[in-house]
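Numbering (the working numbering), first residue to last: -17 to 462.
Backbone N, C-alpha and C define an ideal beta-carbon position, used for all residues, glycine too.
Values in this document were obtained by computation on a predicted structure and should not be read as measured data.
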Amino acid sequence: MKLTPRSSDYSQWYLDIVLQAKLADYSDVRGCMVIRPNGYAIWEKMQAALDAMFKETGHVNAYFPLFIPESFMQKEADHIEGFAPECAVVTHGGGEELAEKLYVRPTSETIIWSTYKKWIQSYRDLPLLINQWANAVRWELRTRLFLRTAEFLWQEGHTAHATEAEAKEEVLRMIEVYRRFAEDYMALPVIVGRKTESEKFAGAKETYCIEAMMQDGKALQSGTSHHLGQNFAKAFDCKFQSKDGQLEYVWATSWGVSTRLIGALIMAHSDDKGLVLPPKLATRQLVIVPIIKGDSKTLVLEKASELHKQLKANGVGVFLDDNDQQTPGWKFAEYELQGVPLRLEIGAKDIEKHQCVVARRDTGEKLSLPLDAALPETIKRLLNEIQNNLFARALAYRNEKTKEVKTYDEFKAQVETGFAIAHWDGTAETEAKIKEETKATIRCIPTDESFIQQYDLRAEGKCIYSGKPSKMKVVFAKAY
RNA sequence: CGGGGUGUAGCGCAGCUGGUAGCGCGCUUCGUUCGGGACGAAGAGGUCGUGAGUUCGAGUCUCGCCACCCCGACCA
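Shown next, in the form of structure tokens:
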């Protein structure tokens, strides 16, 4: 019942929250989870916000099959090499062995590009901007609820363009959408950057990502946007005729975020009392807890449902818990565990004084507010403040835990507790050595101008490991 | 795939040198309560993961198998 405190075992704390706040449960299938209503509600909020942002940037939704013929998977060499070991493969159907095995999608580039080939003939068919909301399966060796499960929910955007410049623009546009979503909705500050050659997506020319810091100082890759070049177009022979009559291969991008974001949300903001949800992603933004004493029941419940009506009419995600089976204290603890941003207490004493008590989940602060027509506006202002405070708090934490290091010793100490900003000679060998010795990886080569300036990343220097000349500092961290 | 751990009531666990299963929470009913996880009374709920073996007798001992969890390596 009690949560393991963060300080004693961070990873157990995380699991305790997921299970006790009823976000997810283990299933009877290894590595797969059941997303419970509390967790799924967060996903629905995320979907709604992201989907609107995708539509605003010109994308439409479609759906492609779960099954991918083995031969499709094999068409792009890097792709199959990267994904084959972690794929689930269907060998039988209708009681008979299949002539060709079917892969359960680990990602949909191949099935989509085999289809795009049929849809694209001319530059007039471009760009093609499609997103799909789906599930994917990767047979991971080790799984953790939300952060890495064998089956996960996600969205994957797959776009086709006439020129490389256009594709590149799309890649950057979408990573920017992810940044905005993470910061504005999840209240999660992220570093936007490019992956190194060894960390990029299997089959991509370049991979851009957003990296977030969790409360244990580790990094979580929270979204990726890939510049696929002409790799998949060539693999699937997808050409178009340009304005001047030339046959050219199509340029591609793909980008995605998954239910892992829910894990990020939990690890970034929550505390030893439970989940802390940013108001924009909370279905239940405020819970009304009536305090019933003696014969005040009718009076208090009437007032409570009046408040419920008033707040609801003003667009607050309000919920009235008038269940008389639990005491107020039980409810306080329960909704704190579940991360409800605001709690409103109303009892006979309050009604007499024409006020109510409102408690903030992020700070624990309790306020007395007058019961009047201005209440909904005050509540909305508070929700907004909580949203901003969570972001500010997370950003301050990241700044505090991000340090530039000059020596390898400092480096080793720094990646134990946070992000290390360090010079790197640009070679995969150095990157691999550092990973082997410290378990820290290059999270990204930042492209975010404000972050670059904050840590003066363009200054020249010497590689933290090899001592060779380096033109830019990068971000190192241990990662989930 | 290595290392560690756990399988006993819905959940968390106890069960000693073998003698036929118990505690807390939760659940049901009734009553009293209600401003930080209330209290009383009465109930319901278990092929002890699984298969062998030892024994008069196995939750307990022996061997095998299975499953899951945690920590690593690999990955969104």
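- Going by other Cβ atoms of all chains shown within 10 Å of its Cβ, with 16 needed for buried, is threonine 206 buried or exposed? Along the first sequence, read from residue 1 onward, the residue named residue 206 stands at position 224. Per the 10 Å Cβ criterion, buried.
- Query: By Cβ distance below 6 Å, which residues in the same chain neighbour serine 252 in space, the five residues on each side in sequence not counted?
  - Reply: Your numbering for residue 252 matches position 270 in the first sequence. Cβ neighbours of serine 252 beyond the five flanking positions: Ile(-1) and Val258.
- Item | proline 67 classed as buried or exposed, judged by whether at least 16 other C-beta atoms fall within 10 angstroms | Taking the first residue of the first sequence as position 1, residue 67 is located at position 85. Exposed, since its Cβ has fewer than 16 Cβ neighbours within 10 Å.
- Message: Given a cut-off of 7 Å on the beta-carbon distance, is the pair arginine 176 and tyrosine 160 in contact?
- Response: For the purposes of this step, residue 176 is taken as residue 194 along the first sequence, with counting starting at 1. For the purposes of this step, residue 160 is taken as residue 178 along the first sequence, with counting starting at 1. For arginine 176 and tyrosine 160, no; Cβs fall outside 7 Å.
- Decide yes or no for the touch test of the stretch 254 to 273 against the stretch 208 to 215: beta carbon pairs closer than 8 Å, at least 3 of them. no
- Query: Helix, strand or coil for isoleucine 17 per DSSP?
  - Reply: The residue given as residue 17 occupies position 35 in the first sequence. The answer is strand: DSSP assigns isoleucine 17 an E or B state.
- serine 452 vs glycine 443 beta-carbon contact at 7 Å: In the first sequence, counting from the first residue as 1, residue 452 sits at position 470. In the first sequence, counting from the first residue as 1, residue 443 sits at position 461. A Cβ-Cβ contact shorter than 7 Å links serine 452 with glycine 443.
- Query: What residues match up with cysteine 426 in a beta bridge as DSSP calls it?
  - Reply: The residue you call residue 426 lines up with position 444 of the first sequence. As DSSP reads the structure, cysteine 426 sits in a beta bridge with Val457.
- Item | Same chain, Cβ closer than 7 Å to valine 397, five either side skipped, listed in chain order | For the purposes of this step, residue 397 is identified with residue 415 of the first sequence, where counting begins at 1. Thr420, Ala422, Phe458, Ala459 and Lys460, listed in sequence order.
- Query: Could you give the distance in angstroms between the alpha-carbon of leucine 439 and the alpha-carbon of tryptophan 95?
  - Reply: Along the first sequence, read from residue 1 onward, the residue named residue 439 stands at position 457. Along the first sequence, read from residue 1 onward, the residue named residue 95 stands at position 113. Leucine 439 and tryptophan 95: Cα-Cα distance of roughly 38 Å.
- Task: Helix, strand or coil for threonine 360, going by three-state DSSP, please let me know.
- Result: For this step, residue 360 is matched to residue 378 along the first sequence. The answer is helix: DSSP assigns threonine 360 an H, G or I state.
- Given a cut-off of 7 Å, decide if valine 456 and isoleucine 525 are closer than it, judged by their beta-carbon atoms. The requested residue 525 is not part of the displayed model; the chain covers only -17 to 462.
- Message: I'd like to know whether the C-beta atoms of isoleucine 328 and alanine 286 end up nearer to each other than 7 Å.
- Response: Here residue 328 refers to the residue found at position 346 of the first sequence. Here residue 286 refers to the residue found at position 304 of the first sequence. Taking 7 Å as the Cβ cut-off, isoleucine 328 and alanine 286 qualify as a contacting pair.
- Buried or exposed for glutamate 185, please, with buried defined as at least 16 other CB atoms from any protein chain shown within 10 angstroms of its CB. Numbered from 1 along the first sequence, position 203 holds the residue referred to as residue 185. Sequence check: residue 185 is glycine here, not glutamate. Label assigned to glycine 185: buried.
- Evaluate the contact criterion for the stretch 123 to 141 versus the stretch 5 to 23: three or more CB pairs, one atom per stretch, below 8 Å. yes
- Message: For the pair the stretch 376 to 389 and the stretch 346 to 356, tell me if three or more CB-CB distances fall below 8 Å.
- Response: no
- Note the first and the last residue of the continuous beta strand (DSSP E) segment covering asparagine 117. Residue 117 sits at position 135 when you count from the first residue of the first sequence. Going by DSSP, asparagine 117 is part of the beta strand (DSSP E) stretching over 110 to 119.
- Query: Of all the alpha helix (DSSP H) runs that stay within the bounds of the stretch 169 to 219, which reach a length of 4 or more residues?
  - Reply: 213 to 217
- Message: At 3 residues or longer, what runs of the beta strand (DSSP E) sit wholly inside the stretch 402 to 448?
- Response: Counting only unbroken stretches of 3 or more residues, the beta strand (DSSP E) elements lying wholly within the stretch 402 to 448 are 423 to 428, in sequence order.
- Query: At a cut of 8 Å, does the stretch 77 to 96 reach the stretch 193 to 207 through at least three beta carbon pairs?
  - Reply: no
- Message: What residue range does the beta strand (DSSP E) around glutamine 137 cover?
- Response: Counted from its first residue, the first sequence places residue 137 at position 155. Note, glutamine 137: beta strand (DSSP E), 133 to 143.
- Query: What distance in whole Å lies between the Cβ atoms of valine 239 and proline 428, which are believed to be in contact at a cut-off of 8 Å?
  - Reply: By one-based count along the first sequence, residue 428 stands at place 446. By one-based count along the first sequence, residue 239 stands at place 257. Not quite, the Cβ-Cβ distance comes to about 19 Å (not below 8 Å), so this is no contact.
- State the beta-bridge partners of tryptophan 237 as determined by DSSP. Against the first sequence, residue 237 aligns to sequence position 255. Beta-bridge pairing links tryptophan 237 to Gly139 and Ser207.
- Task: Please check the pair valine 387 and isoleucine 434, which I expect to be a contact at CB under 8 Å, by giving their CB distance rounded to whole angstroms.
- Result: Mapped onto the first sequence, residue 387 falls at position 405. Mapped onto the first sequence, residue 434 falls at position 452. With 8 Å as the limit, valine 387 and isoleucine 434 do not qualify as a contact, their Cβ atoms being about 17 Å apart.
- Message: Is it buried or exposed, histidine 336, if we count other Cβ atoms within 10 angstroms and call 16 or more buried?
- Response: If you number the first sequence from 1, residue 336 lands on position 354. By the C-beta density criterion, histidine 336 is exposed, having fewer than 16 other C-beta atoms within 10 angstroms.
- Task: Give the C-beta separation of leucine 289 and leucine 326 to the nearest angstrom, bearing in mind that I take them to be a contact with Cβ-Cβ under 8 Å.
- Result: Numbered from 1 along the first sequence, position 307 holds the residue referred to as residue 289. Numbered from 1 along the first sequence, position 344 holds the residue referred to as residue 326. Sure, about 7 Å apart at Cβ, within 8 Å.
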